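> Residue numbers (this note's numbering): 1 to 312.
1) Alpha carbon to alpha carbon, how far is residue 255 from residue 73? Give it in angstroms, no decimals.
2) In whole angstroms, what separates the C-alpha of residue 36 from that of residue 241?
3) According to the Cβ coordinates, are residue 97 and residue 126 closer than 7 Å?
4) Keeping to the same chain, check which residues put their C-beta closer than 6 Å to that of residue 269; ignore five residues upstream and five downstream.
5) Measuring alpha carbon to alpha carbon, tell me which residue in 58, 39, 132, 48 is nearest residue 13.
6) Start and end of the alpha helix (DSSP H) containing residue 131?
7) Quick check on residue 164: buried or exposed, where buried means 16 or more other Cβ atoms within 10 Å of its Cβ?
8) If the criterion is Cβ atoms closer than 7 Å, does the pair residue 124 and residue 77 meet it?
9) Quick check: residue 99 and residue 106, are their CB atoms within less than 7 Å of each other?
10) Taking just the CA atoms, how far does residue 129 sit from residue 49?
11) Is the beta carbon of residue 112 closer than 7 Å to that of residue 69?
12) Beta carbon of residue 243, beta carbon of residue 263: below 7 Å?
13) Could you tell me which of 167, 232, 28 sits nearest to residue 266, measuring between CA atoms?
14) If you reduce the DSSP assignment to three classes, tell me which class residue 258 lands in.
15) Report the CB separation of residue 225 from residue 271 in whole angstroms; it is logged as a contact under 8 Å.
16) Output needed for residue 218: all residues of its chain with C-beta closer than 7 Å, excluding positions within five of it in sequence on either side, in chain order.
17) Quick check: the Cα distance between residue 44 and residue 191, rounded to an integer number of angstroms?
18) Let me make sure I understand the geometry here. Which of 140, 237, 188 has the alpha-carbon closest to that of residue 120?
19) Do you know how far the Cα of residue 257 is from the Cα of residue 177?
20) Less than 6 Å between C-beta atoms, sequence neighbours within five positions excluded: which residues of the same chain meet that for residue 117?
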């Protein structure tokens, strides 16, 4: 009987915190966008880590709590796939991988301030890794060759050396890791209280409601998904990467036909990626998981869906 009670509580925590992560992330995203805060993805990943810390502390009394944080992250990723609008694949991958890295850290050192800090430090690294992995899939190794070529040609004019850029990058990474560890310590010290305080929670939920967080309402594929995916090809980072690769190919070889064909590859892959990112949904598979080994995860998803529908 006690095992059943623990399982039910664990499912409730996974569902509640999965829904809270989804709703607060939308509200916080709206707030950051309204104030034009740069690197808003950094703050969203820290928000996820803080919520996972709270959930992990709350679930430490359960005998089988090893993958609670990862399940919460995957529940939030599933809810993102059920959203009727917006990019999905990238945020889903980010939510899932950051939850996995956090869970590895906590599982390694335990549910304590040190373990939470280690988990948060690992989680904070993914926002730097994912863009590199994504654009490598688009452009292949030519992107890194183009970046190296560009740096060699332009850095001397700015009195910079390659190691200067490395130090700047490492400073950003370390700064984010320190912020993540500070949030882990904060989560440990204020355990038992509301996530951000009642007023802030309600304000973020209000922003999420205004943003239109509808899930599971059979409008998961926007009619203009292809047009939106085409517009995504004009994102600054994608255009800069394409221009760098084109410049490198132009100065390294004279076969214009080969250059043209090579540049079509990242454009085609990028369009497919952006289109899938806006149309992906896995709701038809959600209920099938209930009777298998992912029973708790499926029930957590259903609990989170019910909570979100109550809010919105």
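Ideal Cβ placement from N, Cα and C applies to all residues, glycine included. On a predicted model such as this, the values are computed, not experimentally measured, just so you know.
Reading off the structure:
1) 47 Å
2) 23 Å
3) yes
4) Result list for residue 269: 138, in chain order.
5) 58
6) 113-139
7) exposed
8) no
9) no
10) 16 Å
11) no
12) no
13) 232
14) helix
15) At roughly 11 Å, the Cβ-Cβ gap does not stay under 8 Å, so residue 225 and residue 271 are not in contact.
16) Note that residue 218 scores a pLDDT of 44, beneath 50, so its modelled location is shaky; the value from the coordinates is reported in the next line. Nothing listed; no residue qualifies.
17) 20 Å
18) 188
19) 45 Å
20) The answer, listed in chain order, is 181, 184.
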